[in-house]
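A short write-up of the structure that comes next.
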């Protein structure tokens with residue numbers, strides 16, 4: 019198994035991130051810094067990342083559905099001392115969130131130690147859909163909803179077509195097929211609409227399933243199959 023794939027399999031990082039770490043000289047094998055991708059890991063190799071020994075025992079991959087509360091950082095650490103996803107998974111080994119959900123948003127976030135799965139879920143070519151419930155400070159006009167459906171330009175990029183439906187008074191369900199940073203908030207900003215609550219309820223068919231904020235559950239084999 020090539021070194022970058024081994025690191026992803028061990029849950030150190032996604033394969034793409036592992037390649038970056040190798041190029042940056044952060045990975046050593048048997049005391050020698052590795053900067054090339056071609057190295058094949060052998061049984062008994064001692065592999066360190068940033069000086070930390072990576073256990074050579076087989077790793078059982080785990081993936082969790084987590085209800086991220088509002089006011090929690092979608093990261094494993096925060097330089098400003100704010101609460102992070104890792105605070106909800108203490109003493110559970112190396113786990114990291116798949117993608118992001120901004121600080122003021124809440125809802126479903128997948129957390130895993132499976133680097134290959136994380137790469138597959140975040141790579142643009144896979145187009146896994148995500149469903150959001152959005153409460154706004156005013157009702158959207160029909161032409162505004164139509165513009166969002168067809169795609170609008172934010173940060174110099176035209177968004178992919180999406181699905182949006184009115185679910186109540188100033189309440190909408192929006193399904194995205196891409197992972198642009200703060201996309202819903204930025205789209206609403208174009209029309210001077212304020213998002214008052216943003217809740218992600220589904221990722222690629224995986225749902226919150228009645229979880230309360232701050233709670234998590236491990237995905238079933240059937241749910242994992244939906245992500246592959």
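Residue numbers (our numbering): 19 to 246. C-beta atoms are modelled at their ideal positions from N, C-alpha and C, and glycine is treated no differently. All of these numbers come straight from a predicted model, not from anything done at the bench.
| Item | Value |
| --- | --- |
| Thinking C-beta only, is residue 130 closer than 8 Å to residue 80? | yes |
| With a Cβ-Cβ cutoff of 8 Å, do residue 92 and residue 135 count as a contact? | no |
| Pick from 204, 232 and 200: whose alpha carbon is nearest that of residue 120? | 200 |
| Which first and last residues belong to the alpha helix (DSSP H) in which residue 165 is found? | 160-168 |
| Where does residue 26 land, buried or exposed, given buried means 16+ other C-beta within 10 angstroms? | buried |
| In this structure, what does DSSP give as the bridge partners for residue 46? | 51 and 66 |
| Specify, as a first and last residue, the run of the alpha helix (DSSP H) that residue 214 falls within. | Here residue 214 belongs to no alpha helix (DSSP H); instead the beta strand (DSSP E) covers 213-221. |
| How many Å lie between residue 112 and residue 149 at the Cα? | 28 Å |
| Under a Cβ-count criterion, where at least 16 other Cβ atoms within 10 Å of its own Cβ denotes burial, should residue 125 be classed as buried or exposed? | buried |
| Looking at residue 22 and residue 37, is the spacing between their C-beta atoms short of 8 Å? | yes |
| Just verifying my parser: in three-state terms, what is the DSSP assignment at residue 91? | strand |
| Do the CB positions of residue 193 and residue 123 come within less than 8 Å of each other? | no |
| Taking Cβ to Cβ, would you say residue 236 is nearer than 8 Å to residue 82? | yes |
| Would you say residue 70 and residue 155 are within 8 Å of each other, going by their C-beta atoms? | no |
| By the three-class DSSP mapping on this structure, what secondary structure does residue 228 have? | coil |
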